[in-house]
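As structure tokens, the structure follows; a few thoughts come after it.
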Amino acid sequence: MTVRIAGGGRIELVGVCPSGDAEALLRLLLADPGTTVDWRECRGAHTAVVQVLMAVRPKLLGPPAGAPLKDWVAPAIT
Amino acid sequence: MNEFLQQFVIESRELAQAASDGLLALEQSPRDAERLDEVFRAFHTLKGSAAIVEFPGMETAMHAAEEILTEARAGRQPLNSAGIGQCLSRLDQVATWLDAIERSGRIPQDAGARPVEVTPSPAEHHPDAAWVADLVDGHRAAAGRALTAVRFVPGTDCLYHGEDPLERMTSLPGLLALELSAREPWGGLDTLDPFRCNLILTALSAAPATDLYVHLQGHSGECGIVSITTGSGDSTRSLPPHVVGVIEAQQALLEDASPQSLAGRAGSAGTVAANALRFCGRMELSERISHATDQSLLALSVQPLREALAQLLAEDAPAETASADSVRTPENLARTLRIDAGQIDALVRLAGELTVVNNAIRHVAKLARAGDPVVPDLLKDRQGALEHLVAELRRSVVGMRVRPLRAVLQRFPRLVREMSANLGKPVKLVITGEETEADKTIVEMLFEPLLHLVRNAIDHGVEGASGRTTAGKAPTARLEIKAKRNADQVLIEVSDDGAGIDLARLRKAAVARGIMTEERLLTLTEAETLDLVFAPGFSTAARVTEISGRGVGMDAVRRAVERVGGHVSISSVAGQGTAVKLSLPFSVMMTHVMTVEAGGQLFGLPLEAIIEMTCVPQAAISKVGAAPVVVLRDRALPVIDLASVLGVGGALADDDGANLVVATANGECAAFRVDRIVERLDLVLKPLEGLLAGTPGIMGTTLLGDGRVLLVLDVGEILQ
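Sequence order for the protein chains is A and B.
Using our numbering, read the first sequence as starting at 8 and increasing by one per residue.
Using our numbering, read the second sequence as starting at 15 and increasing by one per residue.
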């Protein structure tokens, strides 16, 4: 699983998150809107996943591992 | 060229024409929704066809035009003159590509890499659109190196189809900056559908527009790519090699431009070159080329554009030049003709009937060998059947070559639009009788003479808006092209409601140019005086303008029309306008001639030149000075001895009477003295070829029934 709950209730995005992760991520964020998303080990994320991050605007813990995410996406959504 | 591609070229030409007509009509009535749909469909089909033959460059260009039309159809952005102009320039581009495909038999390799300005109108896709400015402002450092700005709005359902727009954009060639924003507010989180794409992605890139297009192609959604220029516009920088390549390719294209394809070529070549320069940030050079293109279009000469391109490359001389992928072949483009299947069926049936007659004649031949006495009657009967079939065959074949004049007339609205805009004279063009038909050869030769006439009318004929208002006329001038069929003739009239021809000025010019002496001018009727405008080297324009007035216009018109056996006349009323009438044969295949004998040889004289044939007593021919003259119907005509003028024998021996053929051409009239008037023939004239081509005084040849060659004379040239 590329979306998981880590210690302290933090959500972690790990590896390359496919579009299917979007729903799981949204569910987790809806359950606890104040939670932090840690994407330091995220190497890539599908548009759907990034959309969820843009809509919910959780606190993000980065920078993400993947270069495109780090260089382009993270600056654009934070 | 394979059949598939051939079909593509034929259909694309038709579609492009339909689209171009529709666009021009839309300019007149922008609210015509039906017309807009038609134009949209034409572009859409062009795009689809391009996809089928795998021609992404054209697909892209058509898509760009489609976007403009989509905005207009949705009512978001009314279709204005600029939008129409951009769609038209896409069509010019298509025409150039189609020419290239016809020449080389393959899809142009460099077409995809040509810097096409990708998504031009809707306003938001202009380089000065707000989103571009925001993007540049937000990323100052990146903008300094950016060539292009992209705005990509993926289709809302694209995520359901497994697409990943963000991935596309983050892997964009030359990406310098990226921004993500929501198309609509996100709304409540419990109703959020993560698979409904709600993004607008904007980016700056250091790659040229076409690379970006190729990269984004195939993704659903709308995409606008604009070439941007930032910074100071360093004009000492030399051009990138591939831009030089593109410009050289345009030069090559202009080199073998025939007059027919010239307008489109100059337009397309100029647009491509200007876009190439804009794409590499050389706005000032781009402007220069655009200006030269306009000049070329209006002067209908590639010269201004050619010179501008040459100068541009000369200035850029130290730069490396890349070889251009252009195929240079002579202008022998494949000529195609669409023929109704019914006509082919009729030909097949005729072929069958001819075979039957042939068999019947073979039978008669057999009987003849056996000495059967019924042979003469049978042969006469069969010959009758054959004659009937040959006539029908000829009709069918001529019928196949028949084309509506629309093919040539439909090019004028566009040209008039440009000329009118350039000269700042509002002109309304009215075309009637487009459906009038004529032989293909006639239709094809018409463009140039008509163009001369239209140019003359707009440049010299009609007054500017203020001049017209002073003269009590409507500010918009009316230019009319009327075509109609009259028995074997096709009549075309180009008329304007301009100032008309000033006879006094015309007479003065004729004297000044040494065309006629003042004394002789006084003997001319008004119509004869007007006819002087057709004299070689005659031009009354006080100044030489870009559009016309180089004094080559009207005599060229007369020459072209007479070459195919037609004639041209002019009438004008001061203050009310000028009308030029062209009368052309319906078909050039059949020529009616009268055969005459002179110096023991047979010659043909075109029937249309002959006024009358008569036999006068020798005494009726008197000498005025050294020249023999005959008075016929109260008119003194010079008598020309045909045999001696052709150098096939001396003067005729004096006998009881003289056979005279009175013929006229170019307003000159003379009586040709011949030995004998033989018979009238309808024949298919063959033009002179090879070494004989251009022999003065001879129009063409044909084979007579007994195998002799008949020379058909050109009365006009002999009279000269």
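Think of the CB as a built atom: it goes at the ideal place given N, C-alpha and C, for glycine as much as any other residue.
task = Compare the Cα-Cα distances from residue 416 (chain B) to each of B:354, B:442, B:386 and report the closest residue.
result = B:354
ask   = Taking three-plus beta-carbon pairs below 8 Å as touching, is the region 526-546 of chain B in contact with the region 609-620 of chain B?
value = no
request  = Kindly indicate if chain B contains any beta-carbon less than 7 Å away from that of residue 10 (chain A).
outcome  = no
task = Could you tell me which of B:686, B:714, B:607 sits nearest to residue 696 (chain B), measuring between CA atoms?
result = B:607
ask   = What's the C-alpha gap between residue 165 (chain B) and residue 239 (chain B)?
value = 6 Å
ask   = What is the residue span of the beta strand (DSSP E) that residue 189 (chain B) lies within?
value = 189-196
query = By a C-beta neighbour count over all protein chains shown, 10 Å radius and 16 as the cutoff for buried, is residue 600 (chain B) buried or exposed?
reply = buried
request  = Quick one: list the residues of chain A neighbouring residue 212 (chain B), beta-carbon separation under 7 Å, in chain order.
outcome  = 58
message = Quick check on the DSSP output: the beta strand (DSSP E) that includes residue 217 (chain B) runs from which residue to which?
response = 213-219
message = Which residues in chain B have a C-beta closer than 7 Å to the C-beta of residue 84 (chain A)? List them in chain order.
response = 194
Reduced DSSP category for residue 310 (chain B) - H, G, I as helix; E, B as strand; rest coil = helix
query = Considering only the beta carbon of each residue, do residue 652 (chain B) and residue 684 (chain B) sit closer than 7 Å?
reply = yes
key: Local Cβ density within 10 Å of residue 40 (chain A), reported as buried at 16 or more and exposed below that   = exposed
inquiry  = Suppose contacts are defined by Cβ-Cβ distances below 7 Å. Is residue 463 (chain B) in contact with residue 549 (chain B) by that definition?
reply    = no
task = Check whether the Cβ of residue 216 (chain B) lies closer than 7 Å to any Cβ atom in chain A.
result = no
message = Tell me the rounded alpha-carbon separation between residue 641 (chain B) and residue 734 (chain B).
response = 15 Å
Alpha-carbon to alpha-carbon, residue 53 (chain B) and residue 214 (chain B) = 29 Å
Chain-ordered chain A contacts of residue 209 (chain B) [CB-CB under 9 Å] = 26, 29, 30, 55, 58
task = Measure the Cβ-Cβ separation of residue 82 (chain B) and residue 97 (chain B) and say whether it is below 7 Å.
result = yes
ask   = Quick one: which chain B residues come within Cβ less than 8 Å of residue 23 (chain A)?
value = Going along chain B, no residue has its Cβ under 8 Å from residue 23 (chain A), so there is no contact; the nearest lies around 10 Å.
Nearest neighbour of residue 472 (chain B), chosen from B:414, B:438, B:269 [CA to CA] = B:438
message = Checking 7 Å against the spacing of the C-beta atoms, do residue 399 (chain B) and residue 389 (chain B) come in under that value?
response = no
key: Closest by C-alpha distance to residue 56 (chain A), when choosing among A:38, A:42, A:70, A:76   = A:76
task = For the alpha helix (DSSP H) containing residue 46 (chain A), list its first residue and its last residue.
result = Counting along the chain, residue 46 (chain A) falls outside any alpha helix (DSSP H), though it belongs to the beta strand (DSSP E) covering 43-52.
message = Per DSSP, what are the beta-bridge partners of residue 500 (chain B) in this structure?
response = B:503
task = Report yes or no: do the region 438-453 of chain B and the region 418-427 of chain B share at least 3 C-beta pairs separated by less than 8 Å?
result = yes
query = Going by DSSP, which residues form a beta bridge with residue 98 (chain B)?
reply = In DSSP, residue 98 (chain B) forms no bridge with anything.
request  = Using a Cβ cut-off of 8 Å, pull out every chain A residue sitting near residue 151 (chain B), in sequence order please.
outcome  = Those within 8 Å of residue 151 (chain B) in chain A number zero; the least Cβ separation is about 15 Å.
key: residue 137 (chain B) (DSSP reduced to helix, strand or coil)   = Note that residue 137 (chain B) has pLDDT 40, beneath the 50 cutoff, so the model's placement of it is unreliable and the number below is only indicative. Correct three-state label for residue 137 (chain B): helix.
query = Buried or exposed: where does residue 24 (chain A) fall if 16 or more other Cβ atoms within 10 Å of its Cβ makes it buried?
reply = buried
request  = Could you tell me which residues DSSP pairs with residue 539 (chain B) in its beta bridges?
outcome  = Answer by DSSP bridge pairing: none, since residue 539 (chain B) is not bridged.
key: Host alpha helix (DSSP H) of residue 581 (chain B) (start-end)   = Residue 581 (chain B) -> not in any alpha helix (DSSP H); beta strand (DSSP E) instead, spanning 581-587.
inquiry  = Let's test the definition: count the other Cβ atoms within 10 Å of the Cβ of residue 66 (chain B) and tell me whether it reaches 16, buried, or not, exposed.
reply    = exposed
message = Does residue 308 (chain B) pass the burial test, meaning 16 or more other C-beta atoms within 10 Å, or should it be called exposed?
response = buried
query = Residues in its own chain within less than 6 Å of residue 375 (chain B) by CB, not counting five upstream and five downstream?
reply = 396
query = So which residues of chain A does residue 230 (chain B) contact, with C-beta pairs closer than 9 Å?
reply = The premise fails here: residue 230 (chain B) is roughly 14 Å from chain A at the closest Cβ pair, so nothing lies under 9 Å.
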